[in-house]
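Report on the structure given below.
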Amino acid sequence: MLDLPYFDDLFEAFRYGDLKCEGMWGANVHFGYWQNPTMATGSLADIIAAGKRMNEFHYRRLYLKPGARILDVGCGFGGAISQINDHFTGLDLVGLNIDSRQIKRAEKRVQGNKGNKVSFVEGNACQMPFADRSFDHLIAIECAFHFESRLEFFKEAKRILRPGGKCVVSDFILPKLGRPIAHKFLNQAWWFRRWGVFHPTSLNDYRDMIRTSGFSSVHYEDITNETIPHYDVMTNLMTQEKLYPVTRKESLWASIVLNVQKKMHLLKYFLFESTMGL
Ligand SMILES: C[S@@+](CC[C@H](N)C(=O)[O-])C[C@H]1O[C@@H](n2cnc3c(N)ncnc32)[C@H](O)[C@@H]1O
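If you read the sequence shown in the numbering used here, its first letter stands for residue 17, the second for the next number, and so on.
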């Protein structure tokens with residue numbers, strides 16, 4: 017199984033009963049989205065709302081009409097699926113994750129309502145256990161940096177989507193200028209070990225991979241600025257509020273280093289929206 021030490025920490029915190037940690041990462045394990053970053057308040061409620069906005073920023077690009085079958089790749093604890101389930105009707109929602117512990121937690125948290133069907137499946141994003149042309153659209157929120165090959169993932173996405181389907185992915189991008197420094201901090205530094213494997217990539221690699229895998233159009237957006245408040249909130253919660261597992265030295269350092277890297281634009285956050293030809 018993929019080594020995901022930060023998920024080990026989260027499960028330990030949930031067992032310990034850390035409600036703040038559960039509030040912050042119990043549904044969404046990704047960065048928040050602030051349309052106006054100067055409005056971020058730094059509270060736990062603000063970061064939870066920003067996490068939901070990030071989900072919406074992905075799924076609002078899809079045609080979520082009744083009858084559609086939607087896949088969330090690397091679905092974590094089912095936060096995005098749960099939100100779609102609450103706001104739309106008549107959908108078949110499927111979450112895919114390589115980690116069976118996350119699948120179990122997602123199954124407990126999210127059941128289909130309003131005529132939606134919800135299921136969670138254990139499997140690898142680079143070898144998806146689904147038939148050709150079996151989904152209308154897919155999202156993959158902040159998980160592709162873990163995949164052993166993003167190209168294989170996009171090829172699989174192309175295979176399982178129906179004509180006209182959309183694939184909406186958010187991911188970390190290393191700009192050319194800062195790549196050697198950022199790569200060193202992200203992959204080799206001791207404080208990053210708890211964040212698991214991080215495969216670096218560039219914007220050019222991304223555009224090439226999406227086109228090579230056969231999608232007919234690619235639209236992308238740099239949303240680094242809209243995620244920046246997350247770093248201060250996360251670091252403050254770790255230091256002042258003493259979230260249980262993440263007060264470990266490594267995780268705190270990782271969040272500080274990430275914060276600096278993002279503010280210096282050595283690490284960027286992009287959303288890619290690719291469409292299948294008809
Ligand atoms: C940062 S978390 C994001 C989780 C979820 N998308 C969210 O936003 O809450 C990264 C996720 O990718 C999943 N993951 C990593 N490699 C994977 C793979 N090869 N196939 C499927 N899921 C994978 C992890 O288990 C984890 O749930």
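We treat Cβ as the ideally placed atom computed from N, Cα and C, and that holds for glycine.
Checklist line | Element boundaries [beta strand (DSSP E), containing Arg149] | finding: Note, Arg149: premise wrong, no beta strand (DSSP E); not H, not E.
Next item on the list: State the DSSP-derived secondary structure class of His235, mapped to helix, strand or coil.
Entry: strand
Next item on the list: Would you kindly check if the distance between the Cβ of Asp248 and the Cβ of Gly48 is under 8 Å?
Entry: no
Notebook entry, point to check: For ligand 1, is there a heavy atom less than 7 Å away from the beta-carbon of Phe286?
Noted result: no
Notebook entry, point to check: By how many angstroms is the C-alpha of Thr255 removed from the C-alpha of Val89?
Noted result: 32 Å
Margin query: ligand 1 and Asp238: does the residue's C-beta get closer than 7 Å to at least one heavy atom of that ligand?
Written below: no
Notebook entry, point to check: Can you list, in chain order, the residues of its chain whose CB lies under 7 Å from that of Gln127, leaving out five sequence neighbours each side?
Noted result: Val134
Note to self: I'd like the span of the beta strand (DSSP E) that includes Phe288, first residue to last.
What the structure shows: 284–291
Note to self: Closer than 7 Å to a non-hydrogen atom of ligand 1 - does that hold for the CB of Ile157?
What the structure shows: yes
Check: Leaving out the 5 sequence neighbours to the left and right, which residues in its chain are closer than 7 Å to Arg121 when beta-carbon positions are compared?
Finding: Phe93
Item checked: Nearest neighbour of Leu15, chosen from Tyr236, Glu289, Phe73, Arg227 [CA to CA] -> Because the chain is modelled from 17 through 294, residue 15 falls outside the range shown and cannot be assessed.
Item checked: Straight-line Cα distance separating Pro196 from Asn71 -> 31 Å
Note to self: Suppose the cutoff is 6 Å on Cβ atoms and the five residues either side in sequence are ignored; what does the same chain contact list for Glu172 look like?
What the structure shows: Met144
Note to self: Buried or exposed for Asp187, going by 16 or more other Cβ atoms inside 10 Å?
What the structure shows: buried
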